[in-house]
Structure formats: C-alpha cells, structure tokens
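Participant: After the structure tokens below, expect a handful of questions from me.
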Amino acid sequence: MKITRILLTLIFLSITMQAQSVEELINSFSKRTFTYDTTTINYRFYEPAIPDGTEKLPLILTLHGAGERGDDNEKQIAWHSLATGWADSLSQSNHPCFVVSPQCPENNRWVDTDWKTGAVPQDSIRISNELLTVINLVNNIIKEYPVDPNRVYITGLSMGGFGTWDLITRYPEKFAAAIPMSGAGDPSKAELIKHMPVWVFHGALDKAVPVEGSRNMVKALQEFGGNVIYTELPDKRHVMWKEQYENPLLHDWLFNQVKSK
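Under the numbering used here, think of the first position of the sequence shown as 899, with each following residue one higher.
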C-alpha cells in the first residue's frame, strides 16, 4: 500500500513537472501583433539567447491548423509541438534559431480554398490578407534581428500545410526548405520550387484533407526533378503531427538546408 502511494506520488509529480515545463516553454515566446496595410495579426516570437559575436541564426515560420485560429495568441503554439518543438532546450542546444508563430483570426483561412478538394487553383485565388501580412512580418523580422536570410524555413499543418505550399510557390526564393503536413497545393506551380528541399507528411487515412493533396504535389515535384522527401503514414488519420515534429531526424534534416546564394 505504501509503495503504491509512493508510485502515485511520483507519477503526479512527474506530470506536474512536465506541465510546468510546457507552460514555461510557451511563456518563453513573447506576445506581439503586426499590421500590414489594413490587416493586423497576433503572433508569438521566440528569440534565442545570442552571445556576442554569434553568426546570424535561422528563422522558422510555423503555420497552425484550423483548430488553433482565434485571438488568444496562444493556441497556435500550445499544440502539436508545431512551434515549441523548435524552441525547447534540447533543440536549441543543437540548433539555435528564431521561431515566429502567427495566429489566423477565427473565421479566416491562410488559403481561401476548399480543404476537401485536396487541390488549390492558385491562379484563381489571390493570396489571403493574412498570408500577405505574414510574409511582410517575416521580412520585418529579418531586417530587425540577426537572421540568416539563407536559412529561413517554413512548416505548417493542415490549414497551415495549405499555407506552406501557398507561400513557397508564391515566394519561391524566400525559403531555404519547407515541411508541409496534411495539406495541398497547386501541382502546376511545382516547377517554381524544384530547387527547394521539401519534406512532406500526410496520413494515408486522412478524411479531413485528402491524401491526394500531398501525393499530387510530390508527384509534380518528382517530375521536375525536385528535391522532395515524402512520408505517408499508412495507419494515421489527419492528426499525426506531434510525433513528427519531435523527431530529431527532422530537425537535423531541416537545419542542414541552406539556400543557394
């Protein structure tokens, strides 16, 4: 009985310590807003400790999914390790970097398209005000902080996967590498990003965003000789992101990518 109580106490303490650790990690991101033209978005920003004389560091842009929309300026970094996975102490010790995590307002989308179709006719859809604001936010951060412009990365899940494909095909010279998860893009634009390293993830059983959205983008990139890796998870549905973002192999791969000067 006494041993059981001790074990329960240890489990409780472990859970409590873990929760506090996550809370501390979230609090390490400063809360900010940014306005471009008539659009204002909330965002969180992680700024690493930068010793004097340190070279410029990478910047990672993270785009959340539909469930994290809102105006609380927290949900977009609280789930799936989308943002915090790059900012925890272990990751930062190996790969110090800046992380910027904007939040899309409740009733808007990163890309104004039907997610169920698994395709984006980009020529008939103008860039959203939110993504236009995001790309200007990134430009502003690059100017203000010691960011290496040859190591600006982007990743997003679900709605953010659509946003990732949309931004890299609209701004193909901006990013050094991309990680779109559970999204879709416009295969006719694949030639624009054939030079860019892209690692794509999708669950084969996804009912929210058809897996064909990723398959078609990957196929188009391969036809143009693109630098693409595709991981399709045969037993996963839509939500499968946390374990991918916490994989150190993904971190090592990303930070090895440098944009050609």
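Every residue gets a Cβ at the ideal spot worked out from N, C-alpha and C, and that includes glycine.
LEU955 lies in the beta strand (DSSP E); which residues open and close that run?
Facilitator: On the sequence shown, position 57 is the one that residue 955 refers to. Element bounds for LEU955: 955 to 961.
Participant: For VAL997, which three-state DSSP category applies?
Facilitator: Mapped onto the sequence shown, residue 997 falls at position 99. In the structure shown, VAL997 sits in a strand (DSSP, three-state: E or B).
Participant: When you compare only the Cα positions, how much space is there between LYS1092 and PHE1122?
Facilitator: For the purposes of this step, residue 1092 is taken as the residue at position 194 of the sequence shown. For the purposes of this step, residue 1122 is taken as the residue at position 224 of the sequence shown. If you take the alpha carbons of LYS1092 and PHE1122, they lie about 6 Å apart.
Participant: Check for me: the alpha helix (DSSP H) holding TYR1143 runs from which residue to which?
Facilitator: The count along the sequence shown starts at 1 and reaches residue 1143 at position 245. Here the alpha helix (DSSP H) through TYR1143 covers 1139 to 1143.
Participant: Give the single residue among GLN1120, ILE958, ILE924, PRO1132 whose Cα lies nearest to the Cα of LEU1035.
Facilitator: As a position in the sequence shown, residue 1035 is number 137, starting the count at 1. Minimum Cα distance to LEU1035 is reached at ILE958.
Participant: In angstroms with no decimal places, state the Cα-to-Cα distance between GLY963 and PRO946.
Facilitator: In the sequence shown, the residue the question calls residue 963 occupies position 65. In the sequence shown, the residue the question calls residue 946 occupies position 48. When rounded, the distance between both Cα atoms is 25 Å.
Participant: Specify, as a first and last residue, the run of the alpha helix (DSSP H) that GLY1061 falls within.
Facilitator: Position 163 of the sequence shown, counted from the start, is the residue given in the question as residue 1061. Run containing GLY1061: 1057 to 1068, per the alpha helix (DSSP H) assignment.
Participant: Can you give the beta carbon distance from TYR1051 to ALA1075, rounded, assuming they're within the 8 Å contact cut?
Facilitator: Taking the sequence shown and counting its residues from 1, one reaches residue 1051 at position 153. Taking the sequence shown and counting its residues from 1, one reaches residue 1075 at position 177. Taking the Cβ atoms as the reference, TYR1051 lies roughly 5 Å from ALA1075, within the contact range of under 8 Å.
Participant: State the start and end residues of the unbroken beta strand (DSSP E) segment that holds LYS929.
Facilitator: Start at 1 with the first residue of the sequence shown, and residue 929 comes out as number 31. It spans 928 to 934 - the beta strand (DSSP E) in which LYS929 sits, taken as one unbroken run.
Participant: Applying the 10 Å Cβ sphere with the 16-neighbour rule, what's the burial state of LEU1147?
Facilitator: Position 249 of the sequence shown, counted from the start, is the residue given in the question as residue 1147. Counting every other CB atom within 10 Å of its CB across the protein chains shown gives LEU1147 a total below 16, marking it as exposed.
Participant: How about GLN1155: is its Cβ closer than 7 Å to a heavy atom in the ligand ZN?
Facilitator: Ligands displayed in this structure: none; no statement on the ligand ZN is therefore possible.
Participant: Can you tell me which of the three DSSP states GLN1155 falls into?
Facilitator: Numbered from its first residue, the sequence shown carries residue 1155 at position 257. In the structure shown, GLN1155 sits in coil (DSSP, three-state: anything other than H, G, I, E or B).
Participant: Looking at the structure shown, is TRP1097 part of a helix, part of a strand, or coil, going by DSSP?
Facilitator: The residue given as residue 1097 occupies position 199 in the sequence shown. Strand, per DSSP.
Participant: Buried or exposed for ASN992, please, with buried defined as at least 16 other CB atoms from any protein chain shown within 10 angstroms of its CB.
Facilitator: In the sequence shown, residue 992 corresponds to position 94, counting from 1. Its Cβ having fewer than 16 others within 10 Å, ASN992 is exposed.
Participant: I need the boundaries of the beta strand (DSSP E) containing THR895, first residue and last residue.
Facilitator: Outside the displayed span of the chain (899 to 1159) sits residue 895, for which this structure offers no information.
Participant: When we look at the beta-carbon of LYS929 and count the other beta-carbons within 10 Å, is it buried (16 or more) or exposed?
Facilitator: The count along the sequence shown starts at 1 and reaches residue 929 at position 31. Exposed.
Participant: If you draw a straight line from the alpha carbon of ALA1082 to that of HIS1149, how long is it in whole angstroms?
Facilitator: Stepping through the sequence shown from its first residue, residue 1082 is reached at position 184. Stepping through the sequence shown from its first residue, residue 1149 is reached at position 251. Those two C-alpha atoms are separated by around 22 Å.
Participant: Quick one: residues in its chain with C-beta nearer than 6 Å to the C-beta of LEU1119, no 5 flanking neighbours on either side, listed in chain order?
Facilitator: By 1-based counting over the sequence shown, the position of residue 1119 is 221. Cβ within range, chain order: ALA1088, VAL1126.
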